[in-house]
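Take 192 as the starting number for the sequence shown in this note's numbering and just add one per residue.
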Amino acid sequence: MASGINYLHTQNNPILHGDIKSSNCLIQRAHGGYMAKLCDFGLAKTKKEMMRQTVSKSAFAGTLQWAAPEILRAERYTLKVDIYSLGIVYWELAATKRPYDDFEELAIRPYVLANERLEIPDSTPSKFKMLIDECWSPHPDTRPESSELVKILESILPQGNYLVASVPFNEKVLNKIPRNDDSSSPA
């Protein structure tokens with residue numbers, strides 16, 4: 192998914208997907224594993240369209256569980272909202288469940304706006320845990336650019352291994368990221 196987002200974000204007129212979430216990710220068998228592809232571009236906007244956006248407290252579009260804090264605050268936003276949402280998808284891969292399932296819907300917004308985040312399972316590899324933390328930073332400027340995100344993923348995934356999810360999404364996740372941080376793992 193990071194490569195797909197990077198493709199959108201690096202066009203001459205960059206494109207914001209605007210609704211990154213697990214259900215907008217199609218999974219297909221490929222290369223002995225699975226490949227994720229983005230779908231549902233109904234909320235997509237070009238950078239030029241984002242610059243003309245008006246801010247309205249009542250005009251929320253997207254899906255609450257994956258929405259970045261700046262969207263929840265009805266502020267102007269950038270391509271970094273896709274990175275935040277991808278961080279939530281990565282949390283889903285690590286936790287093998289949907290985000291905020293244990294929350295009342297009205298409790299999600301104040302939780303996120305208080306800079307609280309879902310607990311990342313202890314079984315999550317440390318480098319992947321750090322990546323999730325970077326993606327869902329409350330401050331858009333500290334989230335990685337899409338191109339940086341791709342490089343980080345390439346550095347933590349061993350050559351030929353993929354982080355893959357079974358379909359449907361809530362089935363057990365196959366996580367092939369190395370579980371140790373020794374020097375034999377890619378940097």
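We treat Cβ as the ideally placed atom computed from N, Cα and C, and that holds for glycine. Please read these numbers as outputs of a predicted model, since none were measured by experiment.
Give every residue of the same chain whose Cβ lies closer than 8 Å to the Cβ of residue i, excluding the five residues on either side of it in the sequence, and list them in chain order.
| i | result |
| --- | --- |
| Pro205 | Leu199, Thr237, Lys238 and Leu270 |
| Val341 | Ala193, Ser194 and Asn197 |
Please go through the same chain and pick out, in chain order, the residues whose beta-carbon is closer than 7 Å to the beta-carbon of residue i, but skip the five residues on each side of it.
| i | result |
| --- | --- |
| Arg308 | Trp327 |
| His208 | Ile196, Leu199, Leu229, Phe232, Ala235 and Asp273 |
| Trp282 | Pro290, Leu309, Ile311 and Ile323 |
| Ile343 | Leu322 and Pro335 |
| Gly253 | Gly209, Asp210, Leu234 and Ile262 |
| Thr142 | Here the chain comprises residues numbered 192 to 378, so residue 142 is not present and cannot be evaluated. |
So, under 8 Å CB-CB, residue i and residue j are touching, yes? Tell me the CB distance rounded to an integer number of Å.
| i | j | result |
| --- | --- | --- |
| Gln194 | Ile274 | The question names Gln, yet the displayed sequence has Ser at residue 194. About 13 Å; that fails the 8 Å criterion. |
| Ala379 | Met192 | Nothing about residue 379 can be reported from this structure: the residues present for the chain run from 192 to 378 only. |
| Arg264 | Leu304 | 7 Å |
| Pro329 | Asn306 | 4 Å |
Go ahead and label residue i buried or exposed: buried means 16 or more other beta carbons lie within 10 angstroms of its beta carbon, across all protein chains shown.
| i | result |
| --- | --- |
| Ala356 | Residue confidence is low: Ala356 scores 38 on pLDDT, short of 50, so the model does not pin down where it sits. Its coordinate-derived value is still stated next. Per the 10 Å Cβ criterion, buried. |
| Ser213 | buried |
| Ser249 | Residue placement at Ser249 is poorly supported in this model, since its pLDDT is 46, which falls under 50; the coordinates still yield a value, given next. Its Cβ having fewer than 16 others within 10 Å, Ser249 is exposed. |
| Asp210 | buried |
| Arg317 | Reading the sequence as shown, one finds Ser at residue 317 and not Arg. With fewer than 16 other Cβ atoms within 10 Å, it is exposed. |
| Leu217 | exposed |
| Arg334 | buried |
| Gln256 | buried |
| Asn215 | buried |
| Gly381 | The structure shown does not extend to residue 381, since the chain is modelled only from 192 to 378, so the question has no answer here. |
Kindly identify the DSSP beta-bridge partner or partners of residue i.
| i | result |
| --- | --- |
| Thr237 | Ile206 |
| Leu263 | For Leu263, which the question treats as bridged, DSSP gives no partner whatsoever. |
| Tyr225 | Arg220 |
Leaving out five residues on either side along the sequence, give the residues of the same chain with a beta carbon under 6 Å from the beta carbon of residue i.
| i | result |
| --- | --- |
| Glu295 | none |
| Ala259 | Val272 and Tyr275 |
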